[in-house]
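Asker: Structure incoming, see below.
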Amino acid sequence: MILNTELEYKGNQFPSNIISYKKDVDVLHFSTANNVKLRLTVLRDSVLRFRYTTVGKFTNDFSYAIDENASRGYNHLEISEDTEKYIVTTSKLICHIYKTDLRKSIYDVKDNSLICEDELGFHWEESYELGGDIVKMSKASQNGESFYGLGDKPEHINLKGKRFENWATDSYAFGKNTDPIYKAIPFYTGLHNGKSYGIFFDNTFRTYFDFCHERRNVTSFWAQGGEMNYYFFYGPKMQDVVTSYTDLTGTPELPPLWALGYHQCKWSYYPESKVKEITDKFRELKIPCDAIYLDIDYMEGFRCFTWSKEYFPDPKRMVKELADDGFKTVVIIDPGIKIDMEYDVFKEGLEKDYFCKRADGPYMKGKVWPGECYFPDFTRPEVREWWAGLFKELIEDIGVKGVWNDMNEPAVMDVPGKSFPPDVRHDYDGNPCSHQKAHNIYGMQMARATYHGLKRFNYPKRPFVITRSAYSGTQRYTSTWMGDNVASWEHLQIANIQAQRLAMSGFSFAGSDIGGFAEQPNGELYARWIQLGVFHPFCRTHSSGDHGEQEPWAFDREITNIVRKFIEIRYQLLPYLYTTFYHYSQDNIPMLKSLVLFDQEDVQTHYRMDEFICGNQILICPINEPNSKGRRMYIPRGEWYNYWTNELIEGGKETWVDADLDIMPIFIKSGAIIPKYPIQQYVGEIQMEQIDLDVYYKNGKEDSELYEDANDGYDYTKGRYSLLKFNLVGNEDKLIIRIHKRGQYITPYSNFKINLFGLPFEVKSIKVDNEDVSLEDVNFKDNSLIVTKEFTNLQIIG
Ligand code: GLC
5 MILNTELEYK GNQFPSNIIS YKKDVDVLHF STANNVKLRL TVLRDSVLRF RYTTVGKFTN
65 DFSYAIDENA SRGYNHLEIS EDTEKYIVTT SKLICHIYKT DLRKSIYDVK DNSLICEDEL
125 GFHWEESYEL GGDIVKMSKA SQNGESFYGL GDKPEHINLK GKRFENWATD SYAFGKNTDP
185 IYKAIPFYTG LHNGKSYGIF FDNTFRTYFD FCHERRNVTS FWAQGGEMNY YFFYGPKMQD
245 VVTSYTDLTG TPELPPLWAL GYHQCKWSYY PESKVKEITD KFRELKIPCD AIYLDIDYME
305 GFRCFTWSKE YFPDPKRMVK ELADDGFKTV VIIDPGIKID MEYDVFKEGL EKDYFCKRAD
365 GPYMKGKVWP GECYFPDFTR PEVREWWAGL FKELIEDIGV KGVWNDMNEP AVMDVPGKSF
425 PPDVRHDYDG NPCSHQKAHN IYGMQMARAT YHGLKRFNYP KRPFVITRSA YSGTQRYTST
485 WMGDNVASWE HLQIANIQAQ RLAMSGFSFA GSDIGGFAEQ PNGELYARWI QLGVFHPFCR
545 THSSGDHGEQ EPWAFDREIT NIVRKFIEIR YQLLPYLYTT FYHYSQDNIP MLKSLVLFDQ
605 EDVQTHYRMD EFICGNQILI CPINEPNSKG RRMYIPRGEW YNYWTNELIE GGKETWVDAD
665 LDIMPIFIKS GAIIPKYPIQ QYVGEIQMEQ IDLDVYYKNG KEDSELYEDA NDGYDYTKGR
725 YSLLKFNLVG NEDKLIIRIH KRGQYITPYS NFKINLFGLP FEVKSIKVDN EDVSLEDVNF
785 KDNSLIVTKE FTNLQIIG
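Residue numbers for the sequence shown, in our numbering: 5 to 802.
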């Protein structure tokens with residue numbers, strides 16, 4: 005190969021010519037004269053995996069990221085060759101592999117357009133610092149290409165022109181551009197010429213990504229060890245790329261519905277009387293809330309799995325009393341186990357040899373909240389099993405409903421790098437390695453063990469876990485939050501971007517510390533943040549203890565009322581959010597969609613990041629600045645109803661939207677049917693007689709859905725769920741709604757109250773299941789009517 009760029013300096017090595025090729029069902033093996041091997045696996049017509057080794061043989065194929073239930077199989081696979089290259093063709097793509105240097109180009113099978121092409125392609129360099137190879141991949145970037153993904157980076161939504169590092173890092177009071185940060189999610193999506201593809205670099209070492217930063221037309225990624233091992237996903241729809249990646253790395257099972265309610269947290273609520281004061285206040289002020297959190301001060305000297313006798317003398321009674329009032333108790337559990345021979349958990353961990361060790365034998369000792377600690381090696385199955393077992397008392401006996409895993413990057417105080425030194429050893433499920441390889445998955449394995457503990461002891465109820473650190477695939481076990489943000493307007497914007505970015509990186513169940521963790525918001529900022537936060541899958545206020553109050557009533561009465569109003573909207577929208585979660589869990593569809601994910605063909609969306617779609621049909625745009633009376637925002641193509649005024653707007657343009665402090669711009673897609681529950685103070689408070697269906701007229705067609713089940717437990721997996729598919733068709737003088745039902749769950753309510761918005765005609769008659777009904781029969785008033793939930797066809801005639 006001819007070396008022609010500066011980067012191809014001495015030290016980098018490249019594959020030479022292919023000398024052998026073999027096909028083994030869905031795996032293609034290529035070897036070069038200089039002993040590089042490429043193993044190309046065809047997972048699906050649109051998903052290819054590329055694995056390289058430079059030492060002639062591959063190590064054990066093991067990954068924490070990949071979901072064992074990921075889809076496999078393709079419709080078509082054909083391999084041919086000419087003098088220059090091998091040609092792999094599936095029903096979606098064509099991949100060329102060049103015989104002289106193993107470089108690859110991938111094309112859309114439909115029109116032969118180029119999707120993604122190696123620049124230098126695979127190359128490597130020996131790492132003098134760490135030993136082993138630095139494995140590298142570079143791609144030619146295409147004209148006008150944009151890049152998205154990478155988990156929680158607090159950066160512009162479009163990553164073009166930026167360079168990143170993935171190394172899970174405790175990042176107190178991080179800011180715009182802080183990198184690396186808490187999570188390591190080495191997945192991105194590229195978009196050019198209307199077509200999208202994705203790359204997941206499944207390498208847990210410290211990885212780097214460069215999106216045309218160093219070199220204008222080149223995107224590259226590399227790792228400080230391990231294998232060049234990546235997956236390529238073809239769309240061309242970005243949503244299909246994200247869905248394929250999410251299918252590969254998995255989704256969570258459905259959470260209990262209460263977990264989609266509002267959560268209140270602070271570092272820390274103690275003693276018990278303070279906790280009660282807070283929960284009582286919620287009920288007194290009628291602000292819905294489902295979960296109350298106990299931060300580290302509930303423990304005895306920060307020893308995990310203990311309770312402070314002074315502050316919480318009878319946790320079982322307290323947790324029960326809270327539960328009787330509709331509050332689920334969530335407690336924090338960190339990975340650091342205090343070195344203390346009087347402390348059971350420590351003693352047992354030591355006796356059983358469960359703690360991480362340095363390369364030369366001593367324990368990995370580090371300072372965290374409790375002082376000097378040892379840390380379980382969560383990469384050992386028996387340690388995860390032990391850890392899961394430790395939850396028996398908390399969950400089964402005391403009745404705690406959720407566990408919050410923090411500091412699991414892992415964070416260590418007062419040391420360079422804020423974490424373990426690189427020599428610490430890990431089992432890595434029977435693939436022993438150093439911390440350089442295990443660092444990024446440490447938090448994930450902790451959350452996984454915690455999840456199994458909850459699942460075991462909370463059974464037959466569903467577990468709820470929240471983690472700070474994560475690697476790809478962590479979403480199978482837990483929800484997440486963005487870590488220690490700051491009470492500033494800039495951070496409100498960051499929270500918005502991070503939630504969108506996580507959703508397009510397979511991790512939808514996420515939310516920020518509403519109001520900001522560090523420092524103190526004023527009432528206006530808090531209100532604006534709540535407005536955004538109620539549209540994030542995970543919705544929790546949290547703040548550090550170093551300042552005043554951050555509860556909905558901590559400001560003035562006006563703010564309390566606004567906060568209540570928005571939390572009430574969330575509770576009304578619970579069936580909508582739950583249906584959205586169902587599609588995430590079941591069909592891998594991100595719960596939040598950046599506008600580019602929603603409509604990639606509209607180039608206006610490629611750099612938009614304030615606006616996003618919650619689910620499929622609700623457009624949100626937070627107010628990011630103080631003293632606003634509204635803002636300019638982009639309305640995506642199509643027709644949208646202003647939620648507050650019901651005014652219909654034609655999208656595809658920027659427009660001013662009024663939004664006084666008690667309003668945030670919200671739009672509903674025309675044709676949508678939005679299910680709403682009555683306001684409850686907590687999930688399950690009310691025996692529902694009827695629920696609302698808000699129907700937004702459209703001259704045309706639109707589909708909507710409503711998923712429901714028992715809100716907890718596993719009966720839904722045995723068919724006891726109810727999925728309604730609504731087809732709406734409207735024209736100048738008629739609106740028809742058809743319902744298709746699936747599942748055997750019988751919803752507790754009997755009727756739907758149907759609220760019609762935007763009807764262009766006056767209603768003259770109504771037919772339910774093709775029978776005329778009188779307007780009185782259905783209580784028709786102000787364009788609302790009541791019908792039995794059993795209807796399958798409703799016609800509103802003008
Ligand atoms: C970390 C967490 C924060 C928590 C605090 C005390 O800073 O990110 O959420 O409140 O530790 O446990």
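Think of the CB as a built atom: it goes at the ideal place given N, C-alpha and C, for glycine as much as any other residue. The model shown is predicted, which means the values in this text are computed figures rather than measured ones.
Looking at the secondary structure, which residues open and close the alpha helix (DSSP H) in which ASN73 lies?
Answerer: Unbroken run through ASN73: none, as it is neither H nor E.
Asker: Check whether the Cβ atoms of GLN4 and GLN535 lie closer than 8 Å to each other.
Answerer: The first residue shown for the chain is 5 and the last is 802, placing residue 4 beyond what the model contains.
Asker: Are there any heavy atoms of the ligand GLC lying less than 7 Å away from the beta-carbon of ASP488, as far as the coordinates show?
Answerer: Yes; taking the cut-off as 7 Å, the Cβ of ASP488 has a heavy atom of the ligand GLC nearer than that.
Asker: Would you check if there are 3 or more beta carbon pairs closer than 8 Å linking the segment 673-685 to the segment 731-749?
Answerer: Cβ pair count under 8 Å is three or more, so yes.
Asker: Exposed or buried, what is THR649 when buried is set at 16 or more other beta-carbons lying within 10 Å of its beta-carbon?
Answerer: Answer is exposed; the Cβ neighbour count stays below 16.
Asker: Report the rounded CA-to-CA distance for GLY595 versus CYS618, giving the unit in angstroms.
Answerer: For the record, residue 595 in the displayed sequence is Met; it is not Gly. So the two alpha carbons sit approximately 6 Å from each other.
Asker: Where do the N-terminal and C-terminal ends of the beta strand (DSSP E) with TYR378 fall, by residue?
Answerer: Taken as a continuous stretch (DSSP letters only), the beta strand (DSSP E) holding TYR378 covers 375-378.
Asker: Where LEU599 and ILE653 are concerned, what is the direct C-alpha to C-alpha distance, given to the nearest angstrom?
Answerer: Spanning the two alpha carbons is a distance of roughly 17 Å.
Asker: At which residue ranges does the segment 593-652 contain complete beta strand (DSSP E) runs of 3 or more residues, listed in the order of the chain?
Answerer: Entirely contained in the segment 593-652, the beta strand (DSSP E) runs reaching 3 residues are, in chain order, 596-598, 616-618, 622-624, 634-639 and 643-646.
Asker: For TYR347 and GLU314, what's the separation of their Cα atoms in angstroms?
Answerer: So the alpha carbons of these two residues sit roughly 17 Å apart.
Asker: Between PHE756 and the rest of its own chain, which residues show a CB-CB distance below 6 Å, the 5 nearest in sequence each way excluded?
Answerer: Result list for PHE756: LEU697, VAL791 and LYS793, in chain order.
Asker: Quick check on the DSSP output: the beta strand (DSSP E) that includes GLN504 runs from which residue to which?
Answerer: GLN504 -> not in any beta strand (DSSP E); alpha helix (DSSP H) instead, spanning 493-507.
Asker: Which of the three DSSP states, helix, strand or coil, is assigned to GLU88?
Answerer: Coil at GLU88, not helix or strand.
Asker: Taking all protein chains shown into account, decide if PRO317 is buried (16 or more other Cβ within 10 angstroms of its Cβ) or exposed.
Answerer: With fewer than 16 Cβ atoms within 10 Å of its Cβ, PRO317 is classed as exposed.
Asker: What does DSSP give as the partner residues of ASN38 in its beta bridges?
Answerer: In the DSSP output, where bridge partners are listed per residue, ASN38 has none listed.
Asker: Only counting runs of 3 or more residues, tell me where the beta strand (DSSP E) segments fall wholly within the segment 282-341, in order along the chain.
Answerer: With a minimum length of 3 residues, the continuous beta strand (DSSP E) runs that stay inside the segment 282-341 are 295-298 and 332-337.
Asker: Would you check whether the ligand GLC has a heavy atom nearer than 7 Å to the C-beta of ILE300?
Answerer: Under cutoff, so the answer is yes.
Asker: Among the candidates SER492, ALA714 and THR383, whose CA atom is the shortest distance from the CA of LEU452?
Answerer: A small correction: the amino acid at residue 452 is Arg; Leu does not occupy that position in the sequence shown. The shortest Cα separation from ARG452 among SER492, ALA714 and THR383 belongs to THR383.
Asker: So what does THR471 bridge to, in DSSP terms?
Answerer: Bridge partners of THR471: ASN409 and THR484.
Asker: Put PHE461 into one of helix, strand or coil per three-state DSSP.
Answerer: Helix.
Asker: Less than 8 Å between the CB atoms is what I'm expecting for SER20 and ASN38, so what's the real figure, rounded?
Answerer: Indeed, because the Cβ distance is near 4 Å, the residues count as touching under 8 Å.
Asker: Can you tell me which of GLY520, TRP493, MET486 and GLU523 puts its alpha carbon nearest to the alpha carbon of LEU506?
Answerer: Ranking the options by Cα distance to LEU506, first place goes to MET486.
Asker: Suppose contacts are defined by Cβ-Cβ distances below 8 Å. Is TYR753 in contact with GLU693 by that definition?
Answerer: Yes, they are a contact pair.
Asker: Leaving aside the five residues before and after LYS785 along the sequence, list all residues of the same chain whose C-beta is less than 7 Å from its C-beta, in chain order.
Answerer: So no residue of the chain qualifies.
Asker: With a CB to CB cut of under 6 Å and the five nearest residues on each side skipped, what residues in its chain are close to LEU163?
Answerer: Same-chain partners within the cutoff: PHE151 and PHE215.
Asker: Is the Cβ-Cβ distance between VAL699 and ILE741 less than 8 Å?
Answerer: Yes.
Asker: Nearest by alpha-carbon distance to TRP533: which of ILE627, ASN462 and TYR481 is it?
Answerer: Nearest option by C-alpha distance: ILE627.
Asker: Please state the DSSP three-state secondary structure of SER589.
Answerer: Looking at SER589 - three-state DSSP - the assignment turns out to be helix.
Asker: Since I believe VAL416 is in contact with VAL372 (beta carbons under 8 Å), could you give me their beta-carbon distance rounded to a whole number of angstroms?
Answerer: Indeed, because the Cβ distance is near 7 Å, the residues count as touching under 8 Å.
Asker: Taking just the CA atoms, how far does PHE62 sit from ILE22?
Answerer: Using only the alpha carbons, I get a separation of about 17 Å.
Asker: Flag this pair as yes or no: are the beta carbons of THR583 and TYR711 separated by less than 8 Å?
Answerer: Yes, they are a contact pair.
Asker: Are any of the Cβ atoms in chain C nearer than 8 Å to that of LEU596?
Answerer: The question asks about chain C, but that chain is absent: this structure has only one protein chain.
Asker: I need the DSSP call for TRP171, collapsed to helix, strand or coil.
Answerer: In the structure shown, TRP171 sits in coil (DSSP, three-state: anything other than H, G, I, E or B).
Asker: Using a Cβ-Cβ cut-off of 8 Å (strictly less than) and excluding sequence neighbours within five positions of HIS217, which residues of its own chain qualify?
Answerer: Counting only Cβ-Cβ distances below 8 Å, and skipping sequence neighbours, we find GLY165, LYS166 and ARG167.
Asker: Closest by CA to ASP258, which one among TYR725, SER632 and GLN504?
Answerer: In the sequence on display, residue 258 carries Leu and not Asp. The candidate whose alpha carbon is nearest that of LEU258 is TYR725.
Asker: Considering only the alpha carbon of each residue, which of LYS270, LYS285, ARG641 and LEU154 lies closest to HIS551?
Answerer: Considering only alpha carbons, the answer is LYS270.
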